[in-house]
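Participant: Chains as they are written, first to last, in our numbering: chain A, 1 to 114; chain B, 1001 to 1114.
Every residue, glycine too, gets a C-beta built ideally from N, C-alpha and C.
It should be emphasised that the depicted structure is a prediction, and the values quoted were computed from it without experimental measurement.
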Amino acid sequence: AQKVTQAQTEISVVEKEDVTLDCVYETRDTTYYLFWYKQPPSGELVFLIRRNSFDEQNEISGRYSWNFQKSTSSFNFTITASQVVDSAVYFCALSVNQGGKLIFGQGTELSVKP
Amino acid sequence: NAGVTQTPKFRVLKTGQSMTLLCAQDMNHEYMYWYRQDPGMGLRLIHYSVGEGTTAKGEVPDGYNVSRLKKQNFLLGLESAAPSQTSVYFCASSPREAGSYEQYFGPGTRLTVT
Chain A
1 AQKVTQAQTE ISVVEKEDVT LDCVYETRDT TYYLFWYKQP PSGELVFLIR RNSFDEQNEI
61 SGRYSWNFQK STSSFNFTIT ASQVVDSAVY FCALSVNQGG KLIFGQGTEL SVKP
Chain B
1001 NAGVTQTPKF RVLKTGQSMT LLCAQDMNHE YMYWYRQDPG MGLRLIHYSV GEGTTAKGEV
1061 PDGYNVSRLK KQNFLLGLES AAPSQTSVYF CASSPREAGS YEQYFGPGTR LTVT
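1. Is Gln8/A close to chain B? Criterion is C-beta to C-beta, closer than 9 Å.
2. Quick check for students: name the residue ranges of the beta strand (DSSP E) that lie wholly in the stretch 26-66 of chain A, counting only runs of 3 or more.
3. Looking at the secondary structure, which residues open and close the beta strand (DSSP E) in which Lys3/A lies?
4. Look at Trp66/A and Phe75/A and say whether their C-beta atoms are less than 9 Å apart.
5. Return helix, strand or coil for Thr1020/B, following the three-state DSSP convention.
6. Per DSSP, which residues does Cys92/A bridge with? Please list them.
7. Rounding to the nearest angstrom, what Cα-Cα distance links Ile1046/B and Thr20/A in this structure?
8. Exposed or buried, which one is Val85/A when buried takes at least 16 other CB atoms within 10 Å?
9. Is any beta-carbon of chain A found at less than 9 Å from that of Ala1092/B?
10. Any beta carbon of chain B sitting closer than 9 Å to that of Glu17/A?
11. Is it buried or exposed for Gln101/A, if we count other Cβ within 10 angstroms and need 16 for buried?
12. Select from Asn58/A, Arg28/A, Ala88/A and Leu94/A the residue whose C-alpha is nearest the C-alpha of Leu34/A.
13. Would DSSP call Gln1006/B helix, strand or coil?
14. At least one CB of chain D closer than 9 Å to the CB of Glu1102/B: is that the case?
15. My output table needs one value for Thr1055/B: the three-state DSSP class, helix, strand or coil.
16. How about Lys3/A and Thr30/A: do their beta carbons lie closer than 9 Å?
17. Given this structure, state the Cα-to-Cα distance separating Glu44/A from Lys1009/B, to the nearest angstrom.
18. Identify which residue in Leu1022/B, Arg1110/B, Ser1094/B and Pro1083/B has its Cα closest to the Cα of Tyr1104/B.
19. For Tyr1064/B and chain A, any beta-carbon pair shorter than 9 Å?
20. Output, in chain order, the set of chain B residues within a Cβ distance shorter than 7 Å of Leu110/A.
21. Can Gly1053/B and Gln1025/B be called in contact, C-beta distance under 9 Å?
22. Any idea what DSSP makes of Gln1085/B, helix, strand or coil?
23. How close, in whole Å, do the beta carbons of Lys113/A and Glu15/A come, if the pair is a contact with beta carbons under 8 Å?
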């Protein structure tokens, strides 16, 4: 069975702090994909990144970076110099190509205070 | 392009009433999905479709039915609404399985069953 765990339910930081959102996944498949989505207070889901199981390179996009480690089954997301606009719920998700189903974690609510 | 649209945006039902949620996408995507989002539980897959005329059950299909008569539309039906179906419903589409491509989400439908 597949599972995604985001152990941090809520995180609160002050603007300009760095913050890391944890994601741990479980699957026995050797081919799988990991995603991060952002859900701002307006409610829509915004795609941030996709990573396949064969690519363990870390990725950086502006203030966002992702650390994928197969050895610990983790796909953590770091926001550097956080801003108030980063306040949102962030979801980590897993897909193992069974009809395209996404398995979501419970989400982490990030609050960035000015 | 409008992307993925959902109708209606909000709805209040009484227990036992029925309704249909409409999802439409104009991106010619093969795959379409219905998720529900409940507090603390992330998004869970209800039903999905891998092409026109096909449907399949997801993680939480009970109490729901779906139809994909046209490639661009995916309907979610509640035959006899129950308070446990109070949730935010998201539709998504993908050109292929979610592992190969990201899923594009609609804005959501907030449903309350009293």
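Facilitator: On the basis of the supplied data:
1. no
2. 33-39, 46-52 and 59-61
3. Lys3 to Thr5
4. yes
5. strand
6. Trp36/A
7. 30 Å
8. exposed
9. yes
10. no
11. The residue you asked about is not Gln; residue 101/A is Lys in the sequence shown. By the neighbour-count rule (16 or more Cβ atoms within 10 Å), Lys101/A is buried.
12. Leu94/A
13. strand
14. Among the chains of the structure shown, chain D does not appear; the protein chains present are A and B.
15. coil
16. no
17. 12 Å
18. Ser1094/B
19. no
20. Near Leu110/A there are no residues of chain B at all, since even the closest Cβ is about 15 Å away, more than 7 Å.
21. no
22. helix
23. 7 Å
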